[in-house]
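Structure first, commentary second.
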């Protein structure tokens, strides 16, 4: 299982166990000695993300790249007037087909 440090975001495989003076054992990230959370992979690039740190299964960089690809496609394939019509037609309308929604693990 892979984990992500809550301090710096670095992925790691094994937390560090430390015995406190009280005898209690605590686990920390090996990089910052901070808390950590299980990692989930980005569905596009595979980067390790903290649980809940994804955008519909994508890391923030891949999510932004998807938005930029759509903007480029629209800018190159449609006139400004056509883009305005599309803005009006799709305002608040989901672009994914029903049943096509990405499932988050």
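Residue numbers (the working numbering): 1018 to 1122. Positions of the beta carbon are idealized from the N, C-alpha and C atoms, including for glycine.
Item: Length-filtered (4 minimum) alpha helix (DSSP H) runs lying within the region 1033 to 1120; Value: 1077 to 1094 and 1097 to 1107
Item: Buried or exposed by the 16-neighbour rule on C-beta atoms within 10 Å, applied to residue 1113; Value: exposed
Item: For residue 1079, the nearest candidate out of 1091, 1095, 1093 and 1058 (CA to CA); Value: 1058
Item: Neighbour-count burial assignment, residue 1039, 16 or more Cβ in a 10 Å radius; Value: exposed
Item: Residue 1075 classed as buried or exposed, judged by whether at least 16 other C-beta atoms fall within 10 angstroms; Value: buried
Item: Residues bridged to residue 1022 (per DSSP); Value: 1053
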